[in-house]
Amino acid sequence: MGPISLFDKSFLQSISLDEAVWFDRFFMPVACPIFFVETLADLGKDASKRGSAEFSVVKDIAQKFPEMGGSPCAFHADIATQDLLGNHMPLDGRIPRSGGRPVPKGVVYDLGPEERAFNRWQKGEFFEVEKVAAADWRKSLSELDLNKVASELRSVGIDGKSCNTLDQARDMALAVVSHKANAMSVLALAVTFLHVPQHLHRPIIEAWRRDGKRSLSEYAPYAAHVVAVEVFFQFALAARLIDSNRPSNRTDIAYLFYLPFSQLFISSDKLHRRTASLFMRDNQEFVWGIDLKASLKAVNSHFLTFPEEVKEQGLMSFAHAPPDGNIVADLWDRHLRPGIRNEKKEPRDANPERDAELVKKLKEFSKQPTLPPHQAPHEDDVEMMSIAHSVHRKRGSWWQVPKDMSDTEDDG
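So the sequence shown is numbered by our numbering: it starts at 72 and just counts up by one.
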């Protein structure tokens, strides 16, 4: 558990399995749908070109996918569409996760489809539907009516070709979503960018009117963020500040949609290095993946010196915080509670009966039937939340749970 960290495929692909274990241990990873789409892209290549190399790449990434903590993030278009309908999501770093089941006094998050897929991919099991979906998902991400977008931007009175720097492109994009005189046109632009279904157009307009016809940035902050990133990208392409001949740039820029749901963004991609900080809060930070990889390697070397009997107790028992003198420790110091790395962890007395009772209660809570929507507890009344994880007992060199833990104890 550590800083909430959005990461991209380039970073996870670059680190070793042992380094991935420590990334999972000392950060709270955010797996956004764009990461999933990028990974699936290797499965969606033309059948004549698809071979064992592509499957090997996907399997390697799946082996390093975080499993101890963190969470998959809901799709940005779904979050933004709800924002336009008046159902707003806090933009303070919390991860919006889809698929929660309301139960009495709480919410249960079962293992999601993305996590199940990565578990299968680790074994080399690929469903044909995923191979087909890969091409479709990437197509839906890249499809955009540029003529319609240009028309909407002209109605606001802004020409992206006039910007000379990425900072100017960002400022002009923020000006678009903050425009009050043509707020209706900007709302239409958001609907275009997000591919909002036709049946939701009228409810969105009605919700916006009830709210006082404010600018998009005031009415729907997350939708405004997504639109600002999209407009920025179009401006930067028009001004040749970003290479229009590199198709992957379209997918890469989409990671920026998820910045509000993190404290850190970790990437080894040069476009991310140039653009991410333009859309981050003051308390967020971009982390160059190559530097973090070196730091994770040092962390791994540090803990490898521990006695085998200690390591066999599992990471949670001895690796409470990163050691001094590396980027991981610095990130903890900047983004977590002051002094947390030096807090002493009191050893927990062994009590098998107590632990068994706790596990029993958790399983009973998770197996409760799903409540109908009108009976779901209000967020202020939620007393308990269960999030399922599928955890390997050992990954790489490391026992993630005690070596002597039985398989039944490790379930979930």
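C-beta: ideal position from N, C-alpha, C; glycine also.
On a predicted model such as this, the values are computed, not experimentally measured, just so you know.
Exposure of residue i, with buried meaning 16 or more beta-carbon neighbours within 10 Å
i, result
"H266", "exposed"
"P143", "buried"
"P175", "exposed"
"F389", "exposed"
"F328", "buried"
"D95", "buried"
"H343", "buried"
"G141", "buried"
"F377", "exposed"
"I132", "buried"
"A118", "With a pLDDT of only 40 at A118, under the threshold of 50, the placement of this residue in the model should not be trusted, and no figure is reported."
"K434", "exposed"
"P274", "exposed"
"P167", "buried"
"K432", "exposed"
"I55", "Here the chain comprises residues numbered 72 to 483, so residue 55 is not present and cannot be evaluated."
"A427", "exposed"
Residue nearest to residue i in terms of C-alpha spacing, selected from the options
i, options, result
"R352", "A365, D401, Q239, H296", "H296"
"H147", "A427, P331, R466, K465", "P331"
"A392", "V302, E379, R408", "R408"
"E301", "R241, R280, N316", "R241"
"M476", "H463, G467, S468", "H463"
"R165", "I150, K80, S437", "I150"
"A400", "V257, G385, H373, S81", "H373"
"P473", "A427, D395, E380, A259", "E380"
"T236", "A102, A278, R466, L312", "L312"
"D79", "D238, C103, G73", "C103"
"L386", "D163, G410, L260, Q471", "Q471"
"N413", "K431, A427, P394, E428", "P394"
"W359", "G73, L83, P161", "L83"
heavy atom of the ligand GDP below 7 Å from residue i C-beta
i, result
"F357", "Only the bare structure without any ligand can be found here, which leaves the ligand GDP out of the picture."
Range covered by the alpha helix (DSSP H) that runs through residue i
i, result
"L342", "341-346"
"I276", "272-281"
"L265", "254-265"
"I105", "104-112"
"L308", "292-309"
"S76", "Unbroken run through S76 is the beta strand (DSSP E), 75-78; no alpha helix (DSSP H)."
Boundaries of the beta strand (DSSP E) in which residue i is found, first to last residue
i, result
"D338", "At residue 338 the sequence reads Ser, which differs from the Asp that was named. Note, S338: beta strand (DSSP E), 335-338."
"I166", "I166 -> no beta strand (DSSP E), and no H or E assigned at all."
"V358", "356-359"
"I324", "Run containing I324: none in the beta strand (DSSP E); it sits in the alpha helix (DSSP H), 319-325."
Residue i vs residue j beta-carbon contact at 8 Å
i, j, result
"Q355", "S333", "yes"
"I324", "F306", "no"
"K341", "S286", "no"
"T110", "V129", "yes"
"S76", "F98", "yes"
"F490", "A365", "Since the first and last residues shown for the chain are 72 and 483, residue 490 lies out of range."
"E90", "N371", "yes"
"V101", "R466", "no"
"L375", "S468", "yes"
"D154", "Y293", "yes"
"S127", "S339", "no"
"K415", "A309", "no"
"A299", "A244", "yes"
"L335", "H406", "yes"
"L442", "P74", "no"
"H272", "V262", "yes"
is_contact[residue i, chain D] using C-beta, thresh 8 Å
i, result
"M351", "No chain D appears in the structure shown, which is made up of a single protein chain."
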